[in-house]
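> In my numbering, the protein residues as written are 1021 to 1129.
Each residue gets a CB set at the ideal place from its N, CA and C atoms; glycine is no exception.
All values reported here derive from a predicted model rather than from experimental measurement.
Starting off with a structure, shown below.
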Amino acid sequence: MKLVVAVVQDQDSNRLSNALTKNEFRATKLASTGGFLRSGNTTFLIGTEDSLVPKALDIIRDNCRAREQMVAPISPMGGNADSYIPYPVEVEVGGATVFVLPIEQFHHF
Ligand code: 2BA
1021 MKLVVAVVQD QDSNRLSNAL TKNEFRATKL ASTGGFLRSG NTTFLIGTED
1071 SLVPKALDII RDNCRAREQM VAPISPMGGN ADSYIPYPVE VEVGGATVFV
1121 LPIEQFHHF
């Protein structure tokens, strides 16, 4: 068994949730925050059989897309002003950041 952990953009989370349910995957959605942009994203925990991992990855790939997002400048607040970028910068976020972890035990009481 594997645990698929997928960090996706909030805009894609409902569509992904529906697609996973339709394909009989069980998933838990967690509200999360990106460390870099410090804005909300959604983390899915999907427990599934090894043989179904490729299908789960296909569903994630098909329902999440990359978007450009502006990063507002953050004041150095006493830090090193040399690295301070005084204008907004565009970064590409997503489609999805996915980790696949082995599961030692699964219990459902
Ligand atoms: P954030 O950390 O808010 O990052 C949003 C986007 O900002 C990233 O998109 C990337 O394009 C850019 N970015 C992140 N760190 C950067 C840095 N040090 N320098 C320059 N640009 C940087 P994605 O790579 O698609 O990541 C989307 C979200 O997935 C991340 O949101 C974070 O919540 C999660 N994530 C990505 N990589 C991760 C990792 N190795 N471990 C845990 N979570 C991760």
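Tell me the rounded alpha-carbon separation between PRO1108 and GLN1089.
Taking the first residue of the sequence shown as 1, we reach residue 1108 at position 88. Taking the first residue of the sequence shown as 1, we reach residue 1089 at position 69. Distance between the alpha carbons of PRO1108 and GLN1089: 10 Å.
> How would you write the range of the alpha helix (DSSP H) that SER1040 sits in, first residue to last?
Numbered from its first residue, the sequence shown carries residue 1040 at position 20. Looking at the sequence itself, residue 1040 is Leu, so the reference to Ser does not match. Where LEU1040 is concerned, the enclosing alpha helix (DSSP H) stretches over 1030-1042.
> Output the residue ranges of the alpha helix (DSSP H) runs that lie fully inside the stretch 1047-1104 and measure 4 residues or longer, sorted by chain position.
Complete alpha helix (DSSP H) runs here, min 4: 1073-1083.
> Between LYS1022, ASN1034, THR1053 and VAL1024, which lies nearest to ASN1083 when the distance is taken from Cα to Cα?
Taking the sequence shown and counting its residues from 1, the one referred to as residue 1083 is at position 63. Measuring from the Cα of ASN1083, the nearest candidate turns out to be ASN1034.
> Nearer than 7 Å: is that true of the beta carbon of LEU1057 relative to any heavy atom of the ligand 2BA?
The residue given as residue 1057 occupies position 37 in the sequence shown. Checking every heavy atom of the ligand 2BA against the Cβ of LEU1057, one is found closer than 7 Å.
> Taking just the CA atoms, how far does LEU1072 sit from LEU1023?
In the sequence shown, counting from the first residue as 1, residue 1023 sits at position 3. In the sequence shown, counting from the first residue as 1, residue 1072 sits at position 52. Going by the C-alpha atoms only, they are around 11 Å apart.
> Could you tell me whether any non-hydrogen atom of the ligand 2BA is closer than 7 Å to the CB of THR1062?
Numbered from its first residue, the sequence shown carries residue 1062 at position 42. No - the ligand 2BA has no heavy atom lying nearer than 7 Å to the Cβ of THR1062.
> Are there 16 or more other CB atoms within 10 angstroms of the CB of ILE1123, so buried, or fewer, so exposed?
Position 103 of the sequence shown, counted from the start, is the residue given in the question as residue 1123. With fewer than 16 other Cβ atoms within 10 Å, it is exposed.
> Is it true that the CB of ALA1047 sits closer than 8 Å to the CB of LEU1040?
Position 20 of the sequence shown, counted from the start, is the residue given in the question as residue 1040. Position 27 of the sequence shown, counted from the start, is the residue given in the question as residue 1047. Going by C-beta atoms, LEU1040 is nearer than 8 Å to ALA1047.
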